[in-house]
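What follows is a single structure, written as structure tokens, with notes after it.
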Amino acid sequence: MPADEADESAVEMSEGSAEGRHWGLHVGDIAQIAQGRSEKYTYAIYCGRGRVIHVWSPSRRSFRVRVDSLRGLKASGYAATKCSRELDNFFHDLLNVTPMNSNEVIRRAKAALHSTAASRQSSLSFILFARYGDTIFTLLELLKDAYWIAVDGWMLGNEHPESLHVNDASPLELPICATRRSGNNRVAGPAISKFFGTVADLLISEWLGKSLGDFFKDSRIPNKWYPIPVPSSILCLAPLLLQYDIQQTAFQLRCIVSPTIPERMAGDRMECGVCWMDFTPLKVMLLKCQHYICDPCLRMLPKRECPYCRGSIQFAQPVGAFVKREALRLLMEAMQLEDKSPS
Numbered sequence: 001m002p003a004d005e006a007d008e009s010a011v012e013m014s015e016g017s018a019e020g021r022h023w024g025l026h027v028g029d030i031a032q033i034a035q036g037r038s039e040k041y042t043y044a045i046y047c048g049r050g051r052v053i054h055v056w057s058p059s060r061r062s063f064r065v066r067v068d069s070l071r072g073l074k075a076s077g078y079a080a081t082k083c084s085r086e087l088d089n090f091f092h093d094l095l096n097v098t099p100m101n102s103n104e105v106i107r108r109a110k111a112a113l114h115s116t117a118a119s120r121q122s123s124l125s126f127i128l129f130a131r132y133g134d135t136i137f138t139l140l141e142l143l144k145d146a147y148w149i150a151v152d153g154w155m156l157g158n159e160h161p162e163s164l165h166v167n168d169a170s171p172l173e174l175p176i177c178a179t180r181r182s183g184n185n186r187v188a189g190p191a192i193s194k195f196f197g198t199v200a201d202l203l204i205s206e207w208l209g210k211s212l213g214d215f216f217k218d219s220r221i222p223n224k225w226y227p228i229p230v231p232s233s234i235l236c237l238a239p240l241l242l243q244y245d246i247q248q249t250a251f252q253l254r255c256i257v258s259p260t261i262p263e264r265m266a267g268d269r270m271e272c273g274v275c276w277m278d279f280t281p282l283k284v285m286l287l288k289c290q291h292y293i294c295d296p297c298l299r300m301l302p303k304r305e306c307p308y309c310r311g312s313i314q315f316a317q318p319v320g321a322f323v324k325r326e327a328l329r330l331l332m333e334a335m336q337l338e339d340k341s342p343s
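Numbering (the UniProt record's numbering), first residue to last: 1 to 343.
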């Protein structure tokens, strides 16, 4: 750290110590911010002088990293509670990381200022970046690896997954909002600004939020599959399930299939709506719009549009054998009832 920046930081910490004592916080601490009895929390870094840096949106839309005063938040009905120990324990048990010194925490937090975030839960990704170093980027690479493993056999637009992997392109890098803004990048370079506001930010933040919720319940890190919502505007990825294996330090990812798919396939008599071929021996592809066709028909479509709703096709996943067996069972039951019906 340059001498002038170090002196400036020291002065700020000294001047903010009295204000910090008023709130029960020290520079670099984590504060949980909640409104009334709401179960929706956000997390902030206390930066001295009664101010916090956090992911925030007054309108609950277009979240970004910004600075707010605790007095202003209190006047708006929000309460700040110190929770550094709880989150230190959580991140240590989950990722085996420890907090950095307060000067470095504040420098990293300021580096992310003005970045547009994916959601309210992005506050946890922000805390992980600011207080615990570059582990967030390690998680990003692990998530990319899990995506490429899961995407094997999927179809992405007009390109093949193999060529996308070679070019290191990933839908996880796509922005949630087209107007995503970068941070000031004084410390961490462009890496963090390229992460905030992306699909990866959304997935990791939602996973951290659900894991933290379970950790608060029994103080253990669960090895669970968590459902992660994906906005409808992200055409190349469907809502999915995400799991992190602590022992293997690896993510696993699989897409959510609607429970109504077997009933719908049985109602269609297990036949492709385009070529009328029997689904039983064929690979059935489910689109993000929840319509399905056989794999040969999908490959021969003149345009990458769903033949039923004309929605753009940038994502498709194979329907599993279990779903097909369940659909066939329902179809056979329906046919037996038809045979038994009075003539």
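Backbone N, C-alpha and C define an ideal beta-carbon position, used for all residues, glycine too.
Look at the alpha carbon of Arg310 and the alpha carbon of Val257, and state the distance between them as a whole number of angstroms.
As a first step, residue 310 is located in the sequence shown; it is residue number 310 there, counting from the start. As a first step, residue 257 is located in the sequence shown; it is residue number 257 there, counting from the start. In a straight line, the C-alpha of Arg310 is about 21 Å away from that of Val257.
What three-state label does DSSP hand Met277 in the structure shown?
Taking the sequence shown and counting its residues from 1, one reaches residue 277 at position 277. It is coil, neither helix nor strand.
How about Val55 and Thr42: are their beta carbons less than 8 Å apart?
Locating residue 55 in the sequence shown gives position 55, counting from the first residue. Locating residue 42 in the sequence shown gives position 42, counting from the first residue. Their beta carbons are under 8 Å apart, which means Val55 touches Thr42 by this criterion.
Leaving out the 5 sequence neighbours to the left and right, which residues in its chain are closer than 8 Å to residue 373 when beta-carbon positions are compared?
No answer is possible for residue 373: the residues shown for the chain start at 1 and end at 343.
Suppose the cutoff is 7 Å on Cβ atoms and the five residues either side in sequence are ignored; what does the same chain contact list for residue 392 look like?
Beyond the ends of the chain as shown, which are 1 and 343, falls residue 392; an answer cannot be given.
Cα separation between Gly133 and Thr260?
On the sequence shown, residue 133 is found 133 positions in, with the first residue counted as 1. On the sequence shown, residue 260 is found 260 positions in, with the first residue counted as 1. Going from the Cα of Gly133 to the Cα of Thr260 covers about 44 Å.
Verify whether the separation of the beta carbon atoms of Arg254 and Leu235 is less than 8 Å.
Within the sequence shown, the letter at position 254 stands for residue 254. Within the sequence shown, the letter at position 235 stands for residue 235. Their beta carbons are not under 8 Å apart, which means Arg254 does not touch Leu235 by this criterion.
Spatial neighbours of Arg131 within its chain, please: C-beta separation below 6 Å, excluding the five flanking residues on both sides.
Counted from its first residue, the sequence shown places residue 131 at position 131. Same-chain partners within the cutoff: Pro99 and Val105.
Can you name, in chain order, every residue of its own chain whose Cβ lies under 8 Å from the Cβ of Ser57, other than the five neighbours on each side?
Locating residue 57 in the sequence shown gives position 57, counting from the first residue. Excluding residues within five positions, the ones whose Cβ falls inside 8 Å are Phe63, Arg64 and Arg120.
Output the boundary residues of the alpha helix (DSSP H) element that contains Met300.
In the sequence shown, counting from the first residue as 1, residue 300 sits at position 300. Here the alpha helix (DSSP H) through Met300 covers Asp295 to Met300.
Among Thr249, Arg108, Leu203 and Pro262, whose alpha-carbon lies nearest the alpha-carbon of Gly320?
As a working mapping, residue 320 is identified with position 320 in the sequence shown. Per the Cα distances, Pro262.
Out of Ser76, Ser205, Leu330 and Tyr244, which has the shortest C-alpha to C-alpha gap to Ile221?
Position 221 of the sequence shown, counting from 1, holds the residue named residue 221. Nearest option by C-alpha distance: Tyr244.
Where do the ends of the alpha helix (DSSP H) carrying Leu124 lie?
To locate residue 124, count along the sequence shown from 1; it is residue 124. Element bounds for Leu124: Ser122 to Tyr132.
With distances taken between CB atoms, is the gap from Leu172 to Trp207 smaller than 8 Å?
Walking along the sequence shown from the start, residue 172 turns up at place 172. Walking along the sequence shown from the start, residue 207 turns up at place 207. No. Outside cutoff.
From Ala334, Cys297 and Tyr292, pick the residue whose C-alpha is nearest to that of Gln317; which is it?
Here residue 317 corresponds to residue number 317 of the sequence shown, with the count starting at 1. Comparing Cα-Cα distances from Gln317 to each of Ala334, Cys297 and Tyr292, the minimum goes to Tyr292.
DSSP state of Ser312, grouped into three classes?
The count along the sequence shown starts at 1 and reaches residue 312 at position 312. Ser312: strand per DSSP, three-state reduction.
Nearest to Ile149 by CA position, among Ser170, Asp268 and Ile33, is which residue?
Position 149 of the sequence shown, counted from the start, is the residue given in the question as residue 149. When only C-alpha atoms are compared, the closest one is Ser170.
List the residues that DSSP assigns as beta-bridge partners of Glu305.
The residue given as residue 305 occupies position 305 in the sequence shown. DSSP, once it has assigned bridges, lists Ser312 as partnering Glu305.
Just curious, the beta strand (DSSP E) that Trp56 is in, first and last residue?
Residue numbering aside, residue 56 sits at position 56 when the sequence shown is read from its first letter. From DSSP, the beta strand (DSSP E) with Trp56 extends over Arg51 to Trp56.
Between which two residues does the alpha helix (DSSP H) harbouring Lys194 extend?
Against the sequence shown, residue 194 aligns to sequence position 194. Segment Ala191 to Phe195, the alpha helix (DSSP H) holding Lys194.
What separation, rounded to the nearest whole angstrom, lies between the Cα atoms of Glu5 and Ile127?
For the purposes of this step, residue 5 is identified with residue 5 of the sequence shown, where counting begins at 1. For the purposes of this step, residue 127 is identified with residue 127 of the sequence shown, where counting begins at 1. Only weak support is given to the placement of Glu5: the predicted model assigns it a pLDDT of 48, under 50, and the value that follows is read from those uncertain coordinates. Answer to the nearest angstrom: the Cα atoms are 22 Å apart.
Which residue marks the beginning of the beta strand (DSSP E) containing Pro259, and which one marks its end?
Residue 259 sits at position 259 when you count from the first residue of the sequence shown. Looking at the DSSP string, Pro259 is not in any beta strand (DSSP E), and its letter there is neither H nor E.
Following the continuous beta strand (DSSP E) through Asp268, name the residue where it begins and the one where it ends.
Translated into positions along the sequence shown, residue 268 becomes position 268. Unbroken run through Asp268: none, as it is neither H nor E.
Where DSSP assigns a beta bridge to Ser119, which residues make up the other side?
Reading the sequence shown from its first residue, position 119 is the one you call residue 119. Partner(s): none; Ser119 has no beta bridge.
Compare the C-beta of Phe279 with all C-beta atoms of chain B and state if any pair is closer than 8 Å.
Among the protein chains of the structure shown there is no chain B, as only one such chain exists.
Where do the ends of the beta strand (DSSP E) carrying Val65 lie?
Taking the sequence shown and counting its residues from 1, one reaches residue 65 at position 65. Taken as a continuous stretch (DSSP letters only), the beta strand (DSSP E) holding Val65 covers Arg64 to Ser69.
Quick one: residues in its chain with C-beta nearer than 6 Å to the C-beta of His160, no 5 flanking neighbours on either side, listed in chain order?
Sequence index remark: in the sequence shown, residue 160 carries index 160 (1-based). Here His160 scores only 42 on pLDDT, less than 50, and its place in the model should not be relied on; the value that follows carries that caveat. Taken in chain order, the list of residues that qualify is empty.
Thinking Ala31 and Ala75 are a contact (beta carbons under 8 Å), I'd like their distance in whole angstroms, please.
Along the sequence shown, read from residue 1 onward, the residue named residue 31 stands at position 31. Along the sequence shown, read from residue 1 onward, the residue named residue 75 stands at position 75. In fact, because the Cβ distance is near 16 Å, the residues do not count as touching under 8 Å.
Sort Leu286, Lys303 and Pro302 by Cα distance to Asp295 and report the nearest one.
In the sequence shown, the residue the question calls residue 295 occupies position 295. Selected option, being the one with the closest Cα: Leu286.
Alpha carbons only, please: which of Gln248, Asp278 and Leu113 is nearest the one belonging to Phe196?
Counting from 1 along the sequence shown, the entry for residue 196 is found at position 196. The residue with the shortest Cα to Cα distance from Phe196 is Leu113.
According to DSSP, what are the bridge partners of Thr198?
Taking the sequence shown and counting its residues from 1, one reaches residue 198 at position 198. In DSSP, Thr198 forms a bridge with Pro175.
Once the 5 residues before and after Leu87 are set aside, which same chain residues still bring their CB inside 6 Å of it?
Locating residue 87 in the sequence shown gives position 87, where the first residue counts as 1. For Leu87, where only same-chain residues beyond five positions count, the Cβ hits under 6 Å are Ile30.
Would you mind working out which of Leu301, Gln290, Thr249 and Arg264 sits nearest Val274, comparing C-alpha positions?
Taking the first residue of the sequence shown as position 1, residue 274 is located at position 274. Looking at the Cα atoms, Leu301 is the closest of the given residues.
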